[in-house]
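Novice: With positions in the sequence shown counted from 1, the corresponding number in my numbering is that position plus 3. Take this structure, written in structure tokens, and hold onto it; I'll ask about it next.
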Amino acid sequence: MAPPPTGADRSLIEPAPRGPAGLAAGAVEERKPGHEGSRPSNVQIFFGIYFLMTGLHGLHVIGGMTVIGWLLVRSVKGHFTSEYFTPVDLGGLYWHLVDLIWIYLFPLLYLIG
Numbered sequence: 004m005a006p007p008p009t010g011a012d013r014s015l016i017e018p019a020p021r022g023p024a025g026l027a028a029g030a031v032e033e034r035k036p037g038h039e040g041s042r043p044s045n046v047q048i049f050f051g052i053y054f055l056m057t058g059l060h061g062l063h064v065i066g067g068m069t070v071i072g073w074l075l076v077r078s079v080k081g082h083f084t085s086e087y088f089t090p091v092d093l094g095g096l097y098w099h100l101v102d103l104i105w106i107y108l109f110p111l112l113y114l115i116g
């Protein structure tokens, strides 16, 4: 019988829908570029960098979702205790790093005109 859900379980379940939602929003957004307005001569360079940066970020989000899923499975099985939770800390640090990178990418790609 599995142990009852812990705070770690709930903390790992909470970001689960946000990763796919962010990727879906990014996929919808990537269909838009270049369809409105005039096209300056350096548009190909911008969109090349845009797709590279958002694509790499998307790959890291998928990696983060995989790590969170793996941590959730281990947490439900009772592998983490108050004495041993280092993988949960490291997974959380990775997820927040990916989020922090997006905090810098968003203004760089969307707000600087």
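Idealized CB from N, CA, C, for every residue including glycine.
How long is the line joining the alpha carbons of G67 and W98, rounded to whole angstroms?
Specialist: One C-alpha to the other measures close to 6 Å.
Novice: May I have the straight-line CA-CA distance separating L108 from Q47, to the nearest angstrom?
Specialist: Approximately 18 Å, taken between the alpha carbons.
Novice: In chain order, what are the residue ranges of uninterrupted alpha helix (DSSP H) at least 4 long that sit wholly in the segment 53 to 112?
Specialist: Fully enclosed alpha helix (DSSP H) runs of 4 or longer: 89 to 109.
Novice: Quick check: what's the CA-CA separation for S27 versus R21?
Specialist: Looking at the sequence shown, residue 27 is not Ser but Ala. Roughly 10 Å separates the two Cα atoms.
Novice: Could you have a look at I115 and say whether DSSP puts it in helix, strand or coil?
Specialist: Reduced to three states, the DSSP call for I115 is coil.
Novice: Between the alpha carbons of I52 and G81, how many angstroms are there, rounded?
Specialist: Near 43 Å, if we compare the C-alpha coordinates of G81 and I52.
Novice: From H63 to I104, what distance separates their C-alpha atoms?
Specialist: Rounded to the nearest angstrom, the two C-alpha atoms are 10 Å apart.
Novice: With DSSP run on the structure shown, which of helix, strand or coil describes P18?
Specialist: Residue state, collapsed to three classes: coil.
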